[in-house]
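K.L.:
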Amino acid sequence: MLLSSSSKRAAAWIVVLGLCAASSGCGDPLREDAVVRLGDELPGVPAGPLHRAGQPCLVCHDGSTSTPFSVAGTIHLRIDGAQPAASALVHFADGLGNTYRVATNCAGNFFVRPGDYEPAWPLWVRVEREGWTQVMESPVNGDGSCASCHAPAPGPGSAGPIYMIPFEGEPEEAGCP
55 MLLSSSSKRA AAWIVVLGLC AASSGCGDPL REDAVVRLGD ELPGVPAGPL
105 HRAGQPCLVC HDGSTSTPFS VAGTIHLRID GAQPAASALV HFADGLGNTY
155 RVATNCAGNF FVRPGDYEPA WPLWVRVERE GWTQVMESPV NGDGSCASCH
205 APAPGPGSAG PIYMIPFEGE PEEAGCP
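In this text, residue positions in the sequence shown follow the working numbering: the first is 55, and each later residue adds one.
#1: Hey, out of 150, 128, 201, whose CA is closest to residue 144's CA?
#2: Measuring CB to CB, does residue 125 end up less than 8 angstroms from residue 173?
#3: Between the alpha carbons of residue 105 and residue 161, how many angstroms are there, rounded?
#4: Quick check on the DSSP output: the beta strand (DSSP E) that includes residue 182 runs from which residue to which?
#5: In or out: residue 181 buried (at least 16 other Cβ within 10 Å) or exposed?
#6: Sorted by chain position, which residues of the same chain lie with C-beta nearer than 7 angstroms to residue 176's C-beta, five sequence neighbours on each side aside?
#7: Taking 8 angstroms as the threshold (C-beta atoms), are residue 215 and residue 117 in contact?
#8: From residue 170 to residue 115, what distance separates their C-alpha atoms?
#9: How many angstroms separate the CA atom of residue 163 from the CA atom of residue 103?
#10: In chain order, what residues of the same chain lie with their CB nearer than 8 angstroms to the CB of residue 208, ignoring the 5 residues before and after it?
#11: How long is the line joining the alpha carbons of residue 197 and residue 231, rounded to whole angstroms?
#12: Can you tell me the Cβ-Cβ gap for residue 199 and residue 205, rounded? I've got them flagged as a contact below 8 angstroms.
#13: In chain order, which continuous runs of the alpha helix (DSSP H) of length 4 or greater are located wholly inside the stretch 82-133?
#14: Comparing C-alpha positions only, which one of 142, 94, 110, 98 sits nearest to residue 217?
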């Protein structure tokens with residue numbers, strides 16, 4: 055029996071996929087590329103809740119290799135993004151009216167695990183800290199990694215960092231351990 059070229063291609067893909075599944079050596083190339091583009095860890099900051107401040111957390115924390123997060127990000131104190139906003143409260147309200155609140159750590163990072171809160175998109179966000187409140191003007195529509203839209207520099211693909219105070223002048227705080 056002769057196989058058509060499309061049948062041969064389909065059979066080849068079945069073999070490749072079977073080999074990948076058996077060896078656990080094939081992953082999502084787009085995800086793997088995104089992880090590589092994050093770069094190395096900062097010296098002196100071990101992997102954990104204080105690392106990679108300002109980066110898109112769910113690139114790694116999607117549950118495939120690291121602890122999964124449903125929502126995660128970094129809050130900065132000032133508009134320049136140079137200083138973390140420790141102890142800020144991040145409030146969420148999802149499309150079904152479910153709410154959740156989480157505090158930032160000393161790196162300004164926060165994360166929510168799926169077992170604690172799994173938002174029904176869209177998601178509205180408000181951040182509070184020491185009498186200051188910032189409300190996100192538009193809802194989040196399905197990507198729980200805040201830095202996907204809030205990269206360090208504003209531009210066509212980024213609203214810039216998430217910050218509490220739109221001016222400089224707040225006293226410097228002690229850094230993380």
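We put the CB at the ideal spot given by N, CA and C, even for glycine.
P.N.:
Quick look at the numbers:
#1: Reading the sequence shown from its first residue, position 90 is the one you call residue 144. The shortest Cα separation from residue 144 among 150, 128, 201 belongs to 128.
#2: Position 71 of the sequence shown, counted from the first residue, corresponds to residue 125. Position 119 of the sequence shown, counted from the first residue, corresponds to residue 173. In this structure, residue 173 lies closer than 8 angstroms to residue 125 by Cβ.
#3: As a working mapping, residue 105 is identified with position 51 in the sequence shown. As a working mapping, residue 161 is identified with position 107 in the sequence shown. Their Cα atoms are separated by approximately 8 angstroms.
#4: As a first step, residue 182 is located in the sequence shown; it is residue number 128 there, counting from the start. Counting along the chain, the beta strand (DSSP E) containing residue 182 begins and ends at 177-183.
#5: As a position in the sequence shown, residue 181 is number 127, starting the count at 1. Residue 181 comes out buried.
#6: In the sequence shown, residue 176 corresponds to position 122, counting from 1. Same-chain partners within the cutoff: 149, 193, 194, 195.
#7: By one-based count along the sequence shown, residue 117 stands at place 63. By one-based count along the sequence shown, residue 215 stands at place 161. Contact: no.
#8: Counting from one through the sequence shown, the residue named residue 170 turns up at place 116. Counting from one through the sequence shown, the residue named residue 115 turns up at place 61. Roughly 15 angstroms between the two C-alpha positions.
#9: For the purposes of this step, residue 163 is identified with residue 109 of the sequence shown, where counting begins at 1. For the purposes of this step, residue 103 is identified with residue 49 of the sequence shown, where counting begins at 1. The alpha-carbon atoms of residue 163 and residue 103 are separated by roughly 7 angstroms.
#10: To locate residue 208, count along the sequence shown from 1; it is residue 154. Excluding residues within five positions, the ones whose Cβ falls inside 8 angstroms are 214.
#11: By 1-based counting over the sequence shown, the position of residue 197 is 143. By 1-based counting over the sequence shown, the position of residue 231 is 177. Roughly 30 angstroms separates the two Cα atoms.
#12: Position 145 of the sequence shown, counted from the start, is the residue given in the question as residue 199. Position 151 of the sequence shown, counted from the start, is the residue given in the question as residue 205. Actually they are not in contact, since the Cβ atoms of residue 199 and residue 205 sit about 11 angstroms apart, beyond 8 angstroms.
#13: 83-92
#14: Taking the first residue of the sequence shown as position 1, residue 217 is located at position 163. Measuring from the Cα of residue 217, the nearest candidate turns out to be 142.
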